[in-house]
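Down below is the structure, laid out as structure tokens.
2 protein chains.
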Amino acid sequence: MPPSRTTRKQRRDAMEQRVLAAAEQLVRDGENFGELSVERLAGVSGISRSTFYVHFEDKGDLARRMTKAVVADLEEVSTDWWSTADQADRGQLRTAIGAIIDVYRHRGAAFTLVSQAAAVDESVADELRGLMRRLIDRTRQAIELGQAAGAMRPVEPRETAAVLIWMIERVGHQMLRPSDSGGHDKVADVLTDIIWSTLYRV
Amino acid sequence: MPPSRTTRKQRRDAMEQRVLAAAEQLVRDGENFGELSVERLAGVSGISRSTFYVHFEDKGDLARRMTKAVVADLEEVSTDWWSTADQADRGQLRTAIGAIIDVYRHRGAAFTLVSQAAAVDESVADELRGLMRRLIDRTRQAIELGQAAGAMRPVEPRETAAVLIWMIERVGHQMLRPSDSGGHDKVADVLTDIIWSTLYRV
DNA sequence: ATCATTTCCGGACACGTTGTCCGGACAGAG
DNA sequence: CTCTGTCCGGACAACGTGTCCGGAAATGAT
Numbered sequence: 000m001p002p003s004r005t006t007r008k009q010r011r012d013a014m015e016q017r018v019l020a021a022a023e024q025l026v027r028d029g030e031n032f033g034e035l036s037v038e039r040l041a042g043v044s045g046i047s048r049s050t051f052y053v054h055f056e057d058k059g060d061l062a063r064r065m066t067k068a069v070v071a072d073l074e075e076v077s078t079d080w081w082s083t084a085d086q087a088d089r090g091q092l093r094t095a096i097g098a099i100i101d102v103y104r105h106r107g108a109a110f111t112l113v114s115q116a117a118a119v120d121e122s123v124a125d126e127l128r129g130l131m132r133r134l135i136d137r138t139r140q141a142i143e144l145g146q147a148a149g150a151m152r153p154v155e156p157r158e159t160a161a162v163l164i165w166m167i168e169r170v171g172h173q174m175l176r177p178s179d180s181g182g183h184d185k186v187a188d189v190l191t192d193i194i195w196s197t198l199y200r201v
Numbered sequence: 000m001p002p003s004r005t006t007r008k009q010r011r012d013a014m015e016q017r018v019l020a021a022a023e024q025l026v027r028d029g030e031n032f033g034e035l036s037v038e039r040l041a042g043v044s045g046i047s048r049s050t051f052y053v054h055f056e057d058k059g060d061l062a063r064r065m066t067k068a069v070v071a072d073l074e075e076v077s078t079d080w081w082s083t084a085d086q087a088d089r090g091q092l093r094t095a096i097g098a099i100i101d102v103y104r105h106r107g108a109a110f111t112l113v114s115q116a117a118a119v120d121e122s123v124a125d126e127l128r129g130l131m132r133r134l135i136d137r138t139r140q141a142i143e144l145g146q147a148a149g150a151m152r153p154v155e156p157r158e159t160a161a162v163l164i165w166m167i168e169r170v171g172h173q174m175l176r177p178s179d180s181g182g183h184d185k186v187a188d189v190l191t192d193i194i195w196s197t198l199y200r201v
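Protein chains in written order, with numbering that gives the first Met the number 0: chain Y, 0 to 201; chain V, 0 to 201.
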């Protein structure tokens, strides 16, 4: 028999992807990740509970993979702002913030899942802390560059970067519920105004 | 027999307070609230497991009361700022922020407990969201008053209030680890600068 | 001082979840 | 065709939960 079009590993990855997507969807529908039983998770994913344990060590394992999957999106979209931070261009800032907001909007459930899991599972929390640390660090560098270029006010680079990143993170979780999607632009405007006022506006 | 010096209700409240304090202490020592069994919780508090259920509906009930307690602390210390928000006085703002930071510093474990519980227990999350909404609402009113008095910039009151409150919450929770207590003043300075730049500085 | 009430304890119970293991079915790989 | 990987369903022990009970102890009222 010739190797079928879908290899074993492909199907394996596809299934695990299905489980991740199902978990994300459940959280998006308002379920609490911590209150989800493996039974329910497996059922929605179309596999049996025992099969779940073949693919995942436990629920925390799932959350850790979700964390990694989500990290790239945020980091990638943040690059736009970091690279133009030394130009005091409010329009560019607004565009960059809008892009970040979009990531939270589309993958918001994944972030919520990760946050909920991090509160319970220390290894997930470590994974998340590492991500935030990287974001903060690169933002700090951007601020230092902007200050060197004379485009930014003399704020404390390290602390300001941390506060702004945590602010964006929290807003992404708490204020971008799909329910009131009308206000998303307004939220992006407000974030832009706060960052602009803090970093650039003389 | 004359009523003893401590009435029933007094002792009841005292015991429940002891349980709250014990839980807070356990979290302060690095325990995860979600992984704490009622057995352990009761044991540390010096009561039996069955007695715990006489005083608390469940672990979530304990967390909800903790939530009310800590947010009440926040609300009380925030009053100073809300009442003077229409005066563009940076020193007053800095003092108010410092007071808020102090609450997070001293009751940090309680906030951690609430966060951990909210991640697992939807009712705790609801309680927290509701109480935060109150903080946001009063901040929004303060902004509207400040704008009416001509002291503040024309920001969106509702969204800006929400973003700033969530920013403070996240910073208090993530950036005020007792380990590096030296940076707390710097954090308060940065928060003050951000809020000042956003709301007041022309 | 006596008596009723409240409070606490320890133990039991049914229930749900977890993580592990197994035998058997089935399809893809060699 | 045979072997191997994958999945299922079911079982299991272990643990935590929330509820209930009987009895002991402390407390308040008479």
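Here a beta-carbon is modelled for each residue, glycine too, at the ideal position from N, C-alpha and C. Since the model is a prediction, treat every value here as computed from it, not as a measurement.
Contact with chain V by residue i, beta-carbon distance below 9 Å
{"i": "residue 197(Y)", "result": "yes"}
{"i": "residue 40(Y)", "result": "no"}
{"i": "residue 60(Y)", "result": "no"}
{"i": "residue 23(Y)", "result": "no"}
{"i": "residue 188(Y)", "result": "yes"}
{"i": "residue 56(Y)", "result": "no"}
{"i": "residue 0(Y)", "result": "Residue confidence for residue 0(Y) is low, a pLDDT of 47 falling below 50, so the modelled location carries little weight and cannot support an answer."}
{"i": "residue 152(Y)", "result": "yes"}
{"i": "residue 185(Y)", "result": "yes"}
{"i": "residue 9(Y)", "result": "no"}
Where residue i meets chain Y, residues with beta-carbon distance less than 7 Å
{"i": "residue 193(V)", "result": "162, 193, 197"}
{"i": "residue 169(V)", "result": "165, 166, 168, 169"}
Under the three-state DSSP convention, the category residue i falls into
{"i": "residue 110(Y)", "result": "helix"}
{"i": "residue 5(Y)", "result": "coil"}
{"i": "residue 278(Y)", "result": "Only positions 0 to 201 of chain Y appear in this structure, which leaves residue 278(Y) out of reach."}
{"i": "residue 148(Y)", "result": "coil"}
{"i": "residue 103(V)", "result": "helix"}
{"i": "residue 70(Y)", "result": "helix"}
{"i": "residue 153(V)", "result": "coil"}
{"i": "residue 87(V)", "result": "coil"}
{"i": "residue 19(V)", "result": "helix"}
{"i": "residue 118(Y)", "result": "coil"}
{"i": "residue 35(Y)", "result": "coil"}
{"i": "residue 65(V)", "result": "helix"}
{"i": "residue 199(V)", "result": "coil"}
{"i": "residue 169(Y)", "result": "helix"}
{"i": "residue 158(Y)", "result": "helix"}
{"i": "residue 28(Y)", "result": "coil"}
{"i": "residue 82(V)", "result": "helix"}
{"i": "residue 132(V)", "result": "helix"}
{"i": "residue 125(V)", "result": "helix"}
{"i": "residue 46(Y)", "result": "coil"}
{"i": "residue 176(Y)", "result": "coil"}
{"i": "residue 0(Y)", "result": "Because residue 0(Y) sits at a pLDDT of 47, beneath the cut-off of 50, its placement in the model cannot be relied upon, and the point is left open."}
{"i": "residue 56(Y)", "result": "coil"}
is_contact[residue i, chain Y] using C-beta, thresh 9 Å
{"i": "residue 126(V)", "result": "no"}
{"i": "residue 173(V)", "result": "yes"}
{"i": "residue 165(V)", "result": "yes"}
{"i": "residue 182(V)", "result": "yes"}
{"i": "residue 15(V)", "result": "no"}
Residue from the options with nearest C-alpha to residue i
{"i": "residue 12(V)", "options": "151(V), 166(V), 51(V), 154(V)", "result": "51(V)"}
{"i": "residue 180(Y)", "options": "101(Y), 31(Y), 78(Y), 191(Y)", "result": "101(Y)"}
{"i": "residue 59(Y)", "options": "110(Y), 121(Y), 147(Y)", "result": "121(Y)"}
{"i": "residue 113(Y)", "options": "201(Y), 135(Y), 22(Y)", "result": "22(Y)"}
{"i": "residue 43(Y)", "options": "66(Y), 63(Y), 68(Y), 15(Y)", "result": "15(Y)"}
{"i": "residue 41(Y)", "options": "30(Y), 182(Y), 19(Y)", "result": "19(Y)"}
{"i": "residue 141(V)", "options": "184(V), 183(V), 87(V), 174(V)", "result": "87(V)"}
{"i": "residue 191(V)", "options": "71(V), 90(V), 48(V)", "result": "90(V)"}
{"i": "residue 210(Y)", "options": "29(Y), 65(Y), 199(Y), 53(Y)", "result": "Residue 210(Y) lies beyond the range of chain Y shown here (0 to 201); nothing can be said about it."}
{"i": "residue 33(V)", "options": "117(Y), 47(Y), 160(Y), 196(Y)", "result": "117(Y)"}
{"i": "residue 75(Y)", "options": "63(Y), 133(Y), 161(Y)", "result": "133(Y)"}
{"i": "residue 173(Y)", "options": "71(Y), 72(Y), 107(Y), 96(Y)", "result": "107(Y)"}
{"i": "residue 171(V)", "options": "17(V), 85(V), 57(V), 109(V)", "result": "109(V)"}
Chain-ordered chain Y contacts of residue i [CB-CB under 9 Å]
{"i": "residue 118(V)", "result": "31, 32, 33, 114, 115, 116, 117, 118, 119"}
Partners in chain Y for residue i, counting only beta-carbon separations shorter than 8 Å
{"i": "residue 129(V)", "result": "Correct list: empty, because the minimum Cβ distance to chain Y is about 13 Å."}
{"i": "residue 74(V)", "result": "Correct list: empty, because the minimum Cβ distance to chain Y is about 18 Å."}
7 Å Cβ cut-off: residues of chain V touching residue i
{"i": "residue 143(Y)", "result": "In chain order: nothing, as chain V lies at least about 15 Å away."}
{"i": "residue 159(Y)", "result": "189"}
Amino acids of chain V, ordered along the chain, whose beta-carbon sits closer than 8 Å to that of residue i
{"i": "residue 200(Y)", "result": "196, 200"}
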